[in-house]
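Novice: Protein chains in written order, with my numbering: chain B, 8 to 362; chain P, 10 to 302. Here you go, one structure.
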Amino acid sequence: MSISVKNITKSFGSFIALHDVSLEIQSGGLMALLGPSGSGKTTLLRIIAGLDVPTAGSIEIDGDDISKRSARDRNVGFVFQHYALFRHMTVFENVAFGLRVRPRSTRPSKSEISDRVMSLLKLVQLDHMAHRYPTQLSGGQRQRVALSRALAVEPKVLLLDEPFGALDAKVRKELRRWLRRLHDELHVTSVFVTHDQEEALEVADEIVVMSHGRIEQVGTPENVYHHPATPFVYQFLGDVNLFHVRYEDGNVVVSGSADIPENGYDKEGKIPLGYVRPHGIDIDRAPLGPGAIPAQILHINAAGPIVKVELKGQDDGIFHVSLTQDRFRELNLLRNDSVYVRPRDVRVFEPEYMI
Amino acid sequence: MSHSLTPRSVATREAPIVRWTLTLLALLFLVVFLVLPLVLVFVQALEKGVSAYWAALLEPDAYSAIKLTLLAAAISVPANLVFGIAASWAIAKFQFCGKNVLLTLIDVPFSVSPVISGLIYVLLFGLQGWLGPWLYEHDIQIVFAVPGIVLATIFVTFPFVARELIPLMEQQGTEEEEAAILLGASGIKTFLRVTIPNIKWGLLYGVILCNARAMGEFGAVSVVSGHVRGQTNTIPLHVEILYNEYNFVAAFAVASLLAFLALITLALKSLVEWNALRVQRNQEEIEREGIES
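Put into structure tokens, the structure is as follows:
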């Protein structure tokens, strides 16, 4: 089932949470709404679910305008960040709830309900916990119960609001891979909200990057990571080094470090800035080429597959550089060494394209 | 489990003499102001023997006072139960204009002296009051009759259930209700199957307190009752009349009924609190174990 979000605007008093947002969600896809807190991603999800009413705009599922329908009649599955399991019911009753509250004419028989609940619990590997109460489960288990409860009513679309946000790092990683596999099995159109770019890049088929109530970019994880459309997307998807740049004979030349500005351009909004990822910078012992900037090593973190080096330029600008272990050993870097940093992949966002 | 007992920090512990003095002072205060009066009620009541005690309770006027008190409680507690749930549901789960006004209104019976609240009913429904002449024409008597007593009791016990439920419901939030609606449950099913089970202990606690106050209310009821023996006297009013007539044994015998009620209420309240706490502890403990495993 595809979802069309059409010109949705939502304001809370004078605060505008969503500015005229339009979005197409493909049938069977797994889409991430990615953005910092306050970017409007959760509001958008709640509007799709019918939990919030948009100030303007409409929502269609498979071409049907569902804007006027209540949350109860939209047939969407929803998973909350804090699970929202019914605390006084067992796991089994939680999952069965959506079937049991149906009007008698459409309610499955007792044995059908029981079969469906148990098969869903088997799917999330919690069938042996059916008679426990939510408080007797760990966070990861609770979220799996919440997911099977949402799936029990066979929703047209599945919406997940920061589903792993309340879990610790290790469980979060396990659970998101598991969600990916589950989605590949079920193919129910799913949208999940997250502020964790790593999570979005790993799990989603398609990512919608949002900021201040607007969509910055829509694309595959590869696309948004390698071809960020705006400075915001570039910064949000990974670590960034910023440089002042100038043009010499049509080539970009880096002239020094810059502070991270609010809108992605420098403070006057005129001089373009160069964006470089930590792995887009080389460290050399000698100045190679015009773009080399002298710097001193402040800190080295060699734990892990990538060595992270922090350096200070002459103008006190800080650089973050990632090196492979091989390159690090080859250079034989030590703290306080004086070296040269040389940005390779510089991305420049022209101020003319400012929104 | 031992970790439910939080060990006192040495840093905040006072010298033994300070601790003992404070403890003794507190105990002394408790005995003089709470335990002694309570014991005295029973001592006085039984001064002339058990038969005199029973006689005072079975006397027709006392009997009718007991009946009236039970009637007032039987009407006002369910009324406030319904109102309390409705008000706290609205206040805790929804945003609407005038919410703070409603919250303040709920507190009015707490802040206004009961005598004043009784007087309001006299001014409203009494013969010289706003609605008095109309009521008289239609032969409806409210003040100095049972309806007035019930109304005054409802007014005075108004906040108990709502005040108990509002913080509880606010703390629980609306996510479970949202989840239920999204799963296709109707408003009423969501309320009955999700909201009510989550507040049952708080509700019971509120009802117990409400009931205690409904039976023990003196001031407001005294103003609207008119003190007609055998007709518009509740237990507390009957006690006062007997006392003013120097009939101490009977007065204390009837008063002991209220004291009994208070003790039963306290026991019930502790039981409910203890049980709610136990459920919570259990859950926290299991939660901790669940997360550790």
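From the three backbone atoms N, C-alpha and C, an ideal C-beta is built for every residue, glycine too.
List the DSSP bridge partners of R221 of chain B.
Specialist: Answer is B:S218.
Novice: Inspect the beta-carbon positions of S218 of chain B and P110 of chain B and report whether they are closer than 8 Å.
Specialist: No, Cβ-Cβ distance for S218 of chain B and P110 of chain B is not below 8 Å.
Novice: Starting from the Cα of G211 of chain P, find the closest Cα among P:T162, P:V117, P:N284, P:A194 and give me that residue.
Specialist: The shortest Cα separation from G211 of chain P among P:T162, P:V117, P:N284, P:A194 belongs to P:N284.
Novice: What is the DSSP secondary structure of V355 of chain B, counted as helix, strand or coil?
Specialist: Looking at V355 of chain B - three-state DSSP - the assignment turns out to be strand.
Novice: Can you tell me where the alpha helix (DSSP H) with R349 of chain B in it begins and where it stops?
Specialist: Run containing R349 of chain B: none in the alpha helix (DSSP H); it sits in the beta strand (DSSP E), 345-350.
Novice: Anyone know if the C-beta pair for I15 of chain B and G64 of chain B falls short of 8 Å?
Specialist: It is a contact, given that the beta carbons lie within the stated cut-off.
Novice: Against chain P, does V160 of chain B count as a neighbour if the rule is that its beta carbon must be under 8 Å from one of theirs?
Specialist: So, interface residue.
Novice: Three or more C-beta pairs under 8 Å: does that hold for the region 311-324 of chain B against the region 16-25 of chain P?
Specialist: Short answer: they don't touch.
Novice: Give a yes or no on whether the C-beta atoms belonging to Q88 of chain B and A173 of chain B are separated by under 8 Å.
Specialist: Result yes, Cβ atoms of Q88 of chain B and A173 of chain B sit closer than 8 Å.
Novice: Use the C-beta contact count for R222 of chain P: other C-beta atoms within 10 angstroms, 16 or more gives buried, fewer gives exposed.
Specialist: Buried, by the Cβ-count rule.
Novice: My understanding is that I217 of chain P touches L277 of chain P, with C-beta atoms under 8 Å, so please give their C-beta distance in whole angstroms.
Specialist: About 5 Å separates the two Cβ atoms, so the contact holds.
Novice: Between B:F93, B:P297, B:D291, which lies nearest to S345 of chain B when the distance is taken from Cα to Cα?
Specialist: Out of B:F93, B:P297, B:D291, B:D291 has the C-alpha closest to the C-alpha of S345 of chain B.
Novice: May I have the straight-line CA-CA distance separating V52 of chain P from L90 of chain P, to the nearest angstrom?
Specialist: V52 of chain P and L90 of chain P: Cα-Cα distance of roughly 36 Å.
Novice: Can you tell me whether T243 of chain P is buried or exposed, with buried defined as 16 or more other CB within 10 angstroms of its CB?
Specialist: T243 of chain P should be labelled buried.
Novice: With 9 Å as the C-beta to C-beta threshold (strictly closer), list the residues of the region 189-216 of chain P near chain B in chain order.
Specialist: Those residues of the region 189-216 of chain P that come within reach of chain B (Cβ to Cβ, closer than 9 Å) are A189, I190, L191, L192, G193, A194, S195, G196, K198, T199, R202, V203, P206, N207, K209.
Novice: Below 6 Å CB to CB, which residues in the same chain sit around R238 of chain P once its five sequence neighbours on both sides are set aside?
Specialist: Here the set comprises D70.
Novice: Quick check: is the beta carbon of A91 of chain B nearer than 8 Å to any beta carbon in chain P?
Specialist: Taking Cβ atoms only, chain P reaches closer than 8 Å to A91 of chain B, which makes this a yes.
Novice: Can you pull the chain B neighbours of E184 of chain P, defined as C-beta to C-beta under 8 Å?
Specialist: Per Cβ cutoff of 8 Å: F87, H89, A91.
Novice: For the structure I just gave you, are there three or more beta carbon pairs, one from the region 256-269 of chain P and one from the region 164-183 of chain P, closer than 8 Å?
Specialist: They do not touch, by the three-pair rule.
Novice: Comparing alpha-carbon positions, which option in B:F19, B:L128, B:S34 lies nearest G45 of chain B?
Specialist: Per the Cα distances, B:F19.
Novice: Comparing alpha-carbon positions, which option in B:L37, B:G57, B:M8, B:T62 lies nearest S21 of chain B?
Specialist: When only C-alpha atoms are compared, the closest one is B:T62.
Novice: With DSSP as the reference, label I175 of chain P as helix, strand or coil.
Specialist: Helix, per DSSP.
Novice: Which term fits F105 of chain P, buried or exposed, when burial requires 16 or more other beta carbons within 10 angstroms of its beta carbon?
Specialist: Its Cβ having fewer than 16 others within 10 Å, F105 of chain P is exposed.
Novice: Quick one: which unbroken alpha helix (DSSP H) runs of 4-plus residues sit fully inside the region 146-191 of chain P? Chain order, please.
Specialist: Correct list: 155-166, 168-181, 184-191.
Novice: Tell me whether S234 of chain P is buried or exposed, calling it buried when 16 or more other Cβ atoms sit within 10 Å of its Cβ.
Specialist: That one is buried.
Novice: Let me make sure I understand the geometry here. Which of B:G70, B:G57, B:H95 has the alpha-carbon closest to that of R81 of chain B?
Specialist: If we check each option's Cα against that of R81 of chain B, B:G57 comes out closest.
Novice: Check D122 of chain B in the structure and name its three-state DSSP category.
Specialist: Three-state DSSP puts D122 of chain B in a helix.
Novice: Could you check what DSSP says for G225 of chain P in three-state terms: helix, strand or coil?
Specialist: Correct three-state label for G225 of chain P: helix.
Novice: Counting only the same chain and skipping the five closest in sequence on each side, list residues whose C-beta sits under 6 Å from that of T331 of chain B.
Specialist: Correct list: empty, nothing qualifies.
Novice: If you follow the beta strand (DSSP E) that Q303 of chain B is in, where does it begin and where does it stop?
Specialist: Q303 of chain B -> beta strand (DSSP E) spans 300-308.
Novice: Between S126 of chain P and A161 of chain P, how many whole angstroms is the CB-CB distance? I'm expecting something under 8 Å.
Specialist: Their Cβ separation, rounded to whole angstroms, is 7 Å, which keeps S126 of chain P and A161 of chain P in contact under 8 Å.
Novice: Anyone know if the C-beta pair for Q303 of chain B and F243 of chain B falls short of 8 Å?
Specialist: Result no, Cβ atoms of Q303 of chain B and F243 of chain B do not sit closer than 8 Å.
Novice: Could you name each continuous alpha helix (DSSP H) segment of 4 residues or more that falls completely within the region 79-143 of chain P, going from the start of the chain to the end?
Specialist: Listed in chain order, the complete alpha helix (DSSP H) runs (minimum 4 residues) inside the region 79-143 of chain P are 108-120, 123-134.
Novice: Alpha carbon to alpha carbon, how far is F92 of chain P from Y145 of chain P? Give it in angstroms, no decimals.
Specialist: Cα to Cα, the separation comes out at about 29 Å.
Novice: So, is E269 of chain B buried or exposed, given that buried needs 16 or more other C-beta atoms within 10 angstroms?
Specialist: Confidence at E269 of chain B is low in this model, with a pLDDT of 49, below 50, so its placement is unreliable and the value that follows should be read with caution. When all chains shown are included, E269 of chain B counts as exposed.
Novice: Just checking: is the beta-carbon of E179 of chain P within a distance shorter than 8 Å of some beta-carbon in chain B?
Specialist: With 8 Å as the cut-off, E179 of chain P does not count as an interface residue toward chain B.
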